[in-house]
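> My questions will all concern the structure given below.
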Amino acid sequence: MTEDVKDTEPGSLVRRRRELASLYATVKSLTALGELDEVLQSIVHHAHDLIGTDFTYLSLVGADGRLSARASEGTISAEFLAAAIPATVGLGGRVLASRSPHWVRDYATSTLIEHDPNFDRLVVTEDLVALLGVPLVIRGEAVGALFAADRSERSFQADEIALLNAFADHAAVALDNARLYEASRTALRELRGAYRRIERAQAIHEALTGVVLGGGTPGDVTQLLADQLGGSVTLLDRAGTTPVHRDSASGPCPSPSETDLAGAVEAARRSGRCTTSPGAGGTTRSVAAIQAGDSYLGALAWSRKTGDGVPDDTDLRTLERATHILGLLILKERAVAEASERLSGELLTELMVGSPGISPAQRARTRARDIDADRLDLVLVALSPTVSSTDLARHLHDIARERSGLAGEHLGRATMILPGADDDRTVAEVHSRLRRTLGVPLVVVGERAAGQDWARAFALAGRCGAVMRALGHTDTGATTRRYALYAMVFDPDRAGELDRFLDASIGSLLDYDRRRGTDLVETLTAYYGHQANVAATARALHVHVNTLLKRLDRAGSVLGADWRHENDLELRLGLRLHQLRSLDGPA
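Next up, the structure:
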């Protein structure tokens with residue numbers, strides 16, 4: 001002990017029996033307690049009654065290695081319970097190091113202990129003078145100390161020390177039991193929570209399975225997840241666009257932008273697991289990729305408010321399982337769409353090849369697809385220099401399904417047949433939708449099919465599209481009526497008229513070029529294309545000016561010496577129509 005302990009005079013047998021009876025009763029009451037804080041407070045309360053000092057308190061060693069007061073009886077300062085000192089200093093440090101009782105007659109003046117300045121200030125506030133400390137030992141480890149204090153200088157007798165030490169031994173058992181009880185309750189709460197989460201995940205999985213078996217769509221799955229998990233759920237396709245976004249009724253979140261999600265989606269694809277990261281607007285988002293083997297089909301993003309806490313692992317696994325279900329639905333929809341596109345394309349080709357008119361079998365097949373063949377009177381052809389006809393046709397299929405029409409790839413061109421009430425408006429709407437979806441310039445041209453002659457309408461629309469592009473109209477949607485001036489170029493029924501006009505206007509030039517292997521037609525076309533500017537024409541043809549002048553003189557010998565001074569409108573039109581006709585062909 002810190003100071004010598006002198007044996008006191010033998011007390012009365014009655015006093016000793018009373019102390020032992022009180023100790024027994026106290027220990028018995030401690031064993032009936034379960035809550036840790038309740039046990040700590042009961043320990044100091046009974047210790048205060050047993051020892052009879054001015055006040056008692058109990059301190060425990062925390063995870064940070066500091067000794068903190070956890071319960072007290074008889075103290076006057078609220079700050080005392082907030083005290084925490086290193087477990088190696090003060091009287092408590094000696095008790096813990098030796099795992100034996102120690103006491104001081106006057107704490108403030110004692111030189112036998114290492115003082116802590118912060119605790120010394122509380123000693124003055126609490127008017128603490130004499131202090132006795134005994135260890136709380138659990139399975140050989142000193143986990144804390146029990147203190148008895150007086151506000152006047154005094155010595156602690158051997159029987160007092162023995163009584164408090166014996167009480168501390170029993171209190172340590174009660175403290176250990178309380179800790180075990182608290183740990184078991186915590187484990188039970190966690191187990192119950194885990195069980196509830198597992199039940200919830202199983203219920204969600206069963207609900208998702210029910211959606212699939214009930215013929216649900218990816219949108220139905222997304223809504224179910226939003227309702228069950230809370231917040232908002234976003235489904236992204238392979239291109240990173242957002243076809244589906246669903247909010248829960250309880251707590252919707254701002255819809256994340258496709259740009260914001262790009263990095264999170266890439267991280268989820270690389271890891272193959274659900275990843276969680278901060279989102280915009282005070283949200284937390286978890287993203288899982290939708291994979292089918294090596295094929296990437298899209299991603300699923302779950303957003304919720306950051307204040308709702310860290311996402312539970314069970315919920316993240318639920319999100320991952322949902323991607324498997326969505327993968328199956330997406331593959332199923334894709335297979336159905338491809339079969340539908342193939343059937344639609346085959347039927348469109350049959351109508352084109354068999355037109356004009358429609359057979360009873362073809363009529364029955366269109367009726368089976370809820371399409372009225374008698375209303376299919378507008379043929380549209382889509383052309384783009386950057387998007388293949390196959391990809392264009394795939395997008396036309398979506399429009400055809402919505403408008404009760406047919407779409408496919410016919411003779412190398414993306415083609416669609418629709419019911420048309422307002423042809424100009426329909427063509428403009430189709431062009432606008434394709435332009436918005438693909439983000440590239442393209443031409444959509446429409447022609448009304450009279451008498452179910454879809455093949456003729458297709459030919460006119462395709463040729464008109466080539467003419468439109470030759471005229472520089474590379475991003476528009478229009479009917480052939482807008483280009484009626486050029487009807488002879490793209491109307492096969494008027495090919496004879498065009499031949500006669502070309503023969504009368506530039507026939508001699510064409511014949512000269514064929515016989516002599518020259519290029520007078522190309523030279524005059526470039527000459528008029530550059531507003532009869534000789535220097536500009538020479539640069540465009542990559543020839544010397546003198547060479548160009550010789551060619552122009554040769555053209556004059558064919559057309560007549562005054563060809564540049566007389567009315568040359570017919571010559572100009574002939575050259576332009578010949579140029580447009582040579583450009584007509586598959587896009």
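Quick note, the sequence shown lines up with residues 1 to 587 if you use full-length UniProt numbering.
For each residue, glycine too, the CB sits at the ideal point set by N, CA and C.
Only a predicted model underlies this, so the values are computations on that prediction, with no experimental measurement involved.
What I want to know is whether the C-beta of ILE138 ends up closer than 7 angstroms to one or more non-hydrogen atoms of the ligand COA.
As for the ligand COA, it is missing from this structure, which has no ligand bound.
> Can you find the residues in the same chain that come closer than 6 angstroms, C-beta to C-beta, to PHE156, ignoring five residues on each side of it along the sequence?
Cβ neighbours of PHE156 beyond the five flanking positions: TRP103 and LEU132.
> Here's a check: name, in chain order, each residue in its chain whose Cβ is nearer than 6 angstroms to the Cβ of LEU329, leaving out the five neighbours to either side.
The residues are PRO218.
> According to DSSP, is ARG436 part of a helix, a strand, or is it coil?
It is helical.
> Mind reading off the beta-carbon distance from GLY144 to LEU60? Whole number of angstroms is fine, and I expect it under 8 angstroms.
Rounded, the Cβ-Cβ distance is 4 angstroms, consistent with contact.
> Helix, strand or coil, according to DSSP, for SER303 in the structure here?
Residue state, collapsed to three classes: strand.
> Which residue from PHE167, LEU213, HIS170 and GLU126 puts its Cα closest to that of ARG151?
Nearest of PHE167, LEU213, HIS170 and GLU126 to ARG151, Cα basis: GLU126.
> When burial is assigned at 16 or more other CB atoms within 10 Å of the CB, is ASP370 buried or exposed?
Per the 10 Å Cβ criterion, exposed.
> On the DSSP bridge assignment, give the partners of GLU141 in chain order.
Answer by DSSP bridge pairing, in chain order: ILE138.
> Report all residues from its chain with a CB closer than 7 angstroms to the CB of HIS578; omit the five preceding and five following residues, and keep chain order.
Cβ neighbours of HIS578 beyond the five flanking positions: LEU502, ILE506 and VAL521.
> Comparing C-alpha positions only, which one of GLY193, LYS550 and ARG515 sits nearest to LEU524?
LEU524 has its Cα closest to that of LYS550, out of GLY193, LYS550 and ARG515.
> Quick check on GLN157: does DSSP put it in helix, strand or coil?
Here GLN157 sits in coil by DSSP.
> Could you compute how far the alpha carbon of ASP453 sits from the alpha carbon of ARG433?
Computed Cα separation, rounded: 27 angstroms.
> Between the C-alpha atoms of LEU67 and THR109, what's the straight-line distance to the nearest angstrom?
Cα to Cα, LEU67 sits roughly 21 angstroms from THR109.
> Determine which residues share a DSSP beta bridge with HIS102 and list them.
In the DSSP output, where bridge partners are listed per residue, HIS102 has GLY133.
> Taking DSSP's pairing of strands, which residues face ALA71 in a bridge?
DSSP output for ALA71 lists LEU58 as bridge partner(s).
> Look at the alpha carbon of VAL430 and the alpha carbon of VAL381, and state the distance between them as a whole number of angstroms.
If you take the alpha carbons of VAL430 and VAL381, they lie about 10 angstroms apart.
> Are at least three pairs of beta-carbons, each pair with one atom in the segment 288-303 and one in the segment 311-326, less than 8 angstroms apart?
Counting Cβ pairs under 8 angstroms, three or more are found: they touch.
> Quick one: what's got a C-beta closer than 7 angstroms to VAL123's C-beta in the same chain, skipping five residues either side?
Cβ neighbours of VAL123 beyond the five flanking positions: TYR107 and ALA108.
> Starting from ASP37 and walking both ways along the alpha helix (DSSP H), at which residues does that stretch end?
Where ASP37 is concerned, the enclosing alpha helix (DSSP H) stretches over 36-51.
> Note down, in chain order, each residue of its chain lying with its Cβ closer than 8 angstroms to the Cβ of LEU319, except the 5 sequence neighbours on either side.
Excluding sequence neighbours, LEU319 sits near LEU225, LEU229, CYS274, SER286, ALA288, LEU300 and TRP302.
> Please state the DSSP three-state secondary structure of ILE417.
Reduced to three states, the DSSP call for ILE417 is strand.
> Between THR56 and the rest of its own chain, which residues show a CB-CB distance below 6 angstroms, the 5 nearest in sequence each way excluded?
Result list for THR56: VAL44, ALA47, HIS48, GLU73 and ALA148, in chain order.
> Distance check for ARG365 and PRO356, CA to CA, integer angstroms please.
Taking the straight line joining both Cα atoms gives about 17 angstroms.
> Among LEU343, LEU347 and GLY240, whose alpha-carbon lies nearest the alpha-carbon of VAL265?
Selected option, being the one with the closest Cα: GLY240.
> For the segment 160-238, list the alpha helix (DSSP H) runs that are entirely contained and at least 4 residues long, ordered along the chain.
The segment 160-238 contains these whole alpha helix (DSSP H) runs: 218-229.
> Nearest to ALA555 by CA position, among HIS542, LEU510 and ALA535, is which residue?
The shortest C-alpha separation from ALA555 is found at LEU510.
> Along the beta strand (DSSP E) that carries GLY408, what are the first and last residues, could you check?
406-410 is the span of the beta strand (DSSP E), which, as asked, contains GLY408.
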